[in-house]
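The opening position of the sequence shown corresponds to residue 9 in my numbering, with each subsequent residue numbered one higher.
One structure below.
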Amino acid sequence: MTYQSTLLRLLDERGYIHQLTDAEGLDALAVKQVVPGYIGFDATAPSLHVGSLVQIMMLRRLQQAGHKPIVVMGGGTTKVGDPSGKDESRKLLTAETISGNIASIRSVFERLLTFGEGPTDAVMVDNDEWLSQLGYVELLRTVGPHFTINRMLTFDSVKLRLDREQPLTFLEFNYMILQAYDFRELALRHRCRLQMGGSDQWGNIVNGIELTRRMEGIELYGLTTPLLTTADGSKMGKTAAGAVWLNEEQLPAYDFWQYWRNCDDRDVGRFLRLFTDLPLDEVARLEALEGNEINAAKVVLANEVTKLCRGEDAARSAEATAQATFAGGGLGEDLPVLEVPADGIRLAAACTEIGFTASNGEAKRKIGEGAVRLDDEPVKDPGFLIEVPSGETRKLSLGKKKHGVLRRA
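Spelled out as structure tokens, the structure:
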């Protein structure tokens, strides 16, 4: 359909829309008034990773279109654990850990959204504020009648676990009820009318819409994004070296920049639309580049995303480091650094400790394949003793894209 609202046109042309519960209703509402919309984020780690960035960018687009983003931190639901897309139960976190994670995560949203008291300013709330006040008997009496076990068993988050004969705790089974209750609570507290999320959240979103309609007579809307994978089918935000964290404390800006610079050629246009504010005609121009020229588009992508998530200085510094390392054959300032003791370090251990490999076993395999270089010279002995003279540095490389600095401790 052809959307009339700025909001849905913007989301559609940039590739965010997978499913809508009522496209015509939401489109009409977004033309008529400011629509408060929310996305929930559980605080299972001190940082969100790149897999969550499409959701954060959706909130940014919501605000750019003149509507109000509501960031819901799952201080309450994190205590339960979302079973969606999981093969096993999440580790239960303490209240102190969850609180610390929320404080750490907030900085990412402050870069991408404008917070304040205005009608379209973003707000951040914690669902622990209302979920922890809920009495169990009260929840059973008020919410319980609106859920049937028959229907709950059909949701993918439950069905897949049961089909595989994997344990699903009663705690996790209740997650969908709490998320539905969140939507109702946000509708009452903040006049929220829209919940957005990944495609795996469709069932949870629909539950919230139906619960609120039955209990309060309020019409709500839901929107999900496509499942985000890279061109080779990999899950977004994960690499062989681990998660691509949004926070600087969990991942240096240079490594974050490199993640985008090294993306598959086929992903460049899609990522530019989803993760940058570049005009669509400029995205089309960059996406059309071929051969080695596509690398220029990847640098633009890396710069733009790093600028949004880490700041302009971080983006400039990361690009300068890449140029010094790759073009000049030198050592850029933002490369990872490993402090080497006076008696040296073995090559395999150095690869693991600097973060190139997840284990010494993996390091030995890479070394045996000739992928590891010391000062740009291949070294094939995992037990080779690297020594760094006092006051000097050496360059350690794995393949063409991973470089680090060895410095005397």
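Glycine residues also receive a C-beta, built at the ideal position from the N, C-alpha and C atoms.
Tell me the rounded alpha-carbon separation between residue i and residue j.
i, j, result
"Ser398", "Ala417", "8 Å"
"Thr177", "Glu320", "45 Å"
"Glu238", "Val387", "Glu is not the amino acid found at residue 238; the sequence shown has Thr there. Rounded to whole angstroms, Thr238 to Val387 spans 33 Å at the Cα level."
"Asn303", "Trp268", "11 Å"
"Phe264", "Lys243", "16 Å"
"Met81", "Asp134", "5 Å"
"Arg402", "Pro349", "13 Å"
"Leu288", "Arg69", "14 Å"
"Leu219", "Asp240", "39 Å"
"Thr156", "Met184", "12 Å"
"Ser13", "Arg22", "14 Å"
"Ala328", "Gln266", "12 Å"
"Leu316", "Phe117", "10 Å"
"Phe364", "Gly352", "18 Å"
"Thr128", "Ala103", "31 Å"
"Gly164", "Ile375", "Note that residue 164 corresponds to Asp in the displayed sequence, not to Gly. C-alpha separation (whole angstroms): 43 Å."
"Val308", "Ala330", "13 Å"
"Ile362", "Val413", "9 Å"
"Thr284", "Ala323", "13 Å"
"His411", "Leu404", "6 Å"
"Gly74", "Arg373", "53 Å"
"Leu139", "Glu377", "54 Å"
"Lys409", "Leu286", "26 Å"
"Val252", "Cys359", "19 Å"
"Val166", "Gln174", "10 Å"
"Glu347", "Arg318", "25 Å"
"Gln141", "Gln258", "33 Å"
"Arg354", "Asp389", "9 Å"
Buried or exposed for residue i, going by 16 or more other Cβ atoms inside 10 Å?
i, result
"Arg169", "buried"
"Asp384", "exposed"
"Met9", "exposed"
"Arg278", "buried"
"Asp342", "buried"
"Asp35", "buried"
"Tyr144", "exposed"
"Asp190", "buried"
"Thr333", "buried"
"Thr122", "exposed"
"Gly245", "buried"
"Lys76", "buried"
"Pro153", "exposed"
"Leu280", "buried"
"Ser367", "exposed"
"Leu231", "buried"
Please identify the residue among the options whose C-alpha is closest to the C-alpha of residue i.
i, options, result
"Met431", "Phe181, Tyr144, Pro175", "Nothing can be reported for residue 431, as the shown portion of the chain is limited to 9 through 417."
"Leu282", "Ser13, Gln63, Val380", "Gln63"
"Ala371", "Gly407, Asp351, Ser107", "Gly407"
"Gly206", "Ser60, Ala357, Val79", "Ser60"
"Val313", "Ala36, Tyr11, Val58", "Val58"
"Ile217", "Glu290, Leu194, Asn368, Pro234", "Leu194"
"Thr52", "Ile110, Ala356, Leu254", "Ile110"
"Pro234", "Gly245, Trp210, Met223", "Trp210"
"Met424", "Leu147, Ile394, Glu347, Met65", "Nothing can be reported for residue 424: it is not among the residues displayed for the chain, which extend from 9 to 417."
"Val39", "Pro54, Glu146, Leu16, Asp30", "Leu16"
"Leu236", "Met223, Asp208, Glu224", "Asp208"
"Met435", "Ser325, Tyr11, Ala188", "The shown model of the chain, from 9 to 417, leaves out residue 435, and the question about it has no answer."
"Glu301", "Ser325, Ala326, Asp273, Glu290", "Asp273"
"Pro344", "Gly108, Arg415, Asp389, Gly369", "Arg415"
"Val131", "Phe392, Leu148, Ile78", "Ile78"
Residues bridged to residue i by DSSP?
i, result
"Glu347", "Arg415"
"Ile302", "For Ile302, which the question treats as bridged, DSSP gives no partner whatsoever."
"Tyr46", "Ile78, Gln203"
"Thr232", "Gln27, Gly205"
"Phe123", "Ala130"
"Thr360", "Answer is none; Thr360 lacks a bridge partner."
"Ala188", "Partner(s): none; Ala188 has no beta bridge."
"Arg114", "Bridge partners of Arg114: none, in fact."
"His154", "BP columns for His154 are empty, so no partner."
"Thr237", "Lys243"
"Ser405", "Arg381, His411"
"Leu393", "Arg354"
"His57", "Trp253"
Leaving aside the five residues before and after residue i along the sequence, list all residues of the same chain whose C-beta is less than 6 Å from its C-beta, in chain order.
i, result
"Leu202", "Val43, Gly45, Tyr229"
"Ala305", "Val276, Leu294, Leu297"
"Ile25", "Leu19"
"Ala310", "Trp265, Trp268, Arg269"
"Glu395", "Gly352"
"Asp136", "Gly83, Gly84"
"Arg381", "Ser405"
"Asn215", "Met184, Ala188"
When you measure from the CB of residue i to every non-hydrogen atom of the ligand HEM, does any distance come out below 7 Å?
i, result
"Ala239", "With respect to small molecules bound, the structure shown includes none, and the ligand HEM cannot be examined in it."
Excluding five sequence neighbours on each side, which residues of the same chain lie with their C-beta closer than 8 Å to the C-beta of residue i?
i, result
"Val88", "Leu179, Glu180, Asn182, Tyr183, Leu186"
Ignore the nearest five residues each way along the sequence and tell me which others in residue i's own chain have a CB closer than 7 Å to its CB.
i, result
"Asp50", "Gly82, Thr85, Thr86, Asp90"
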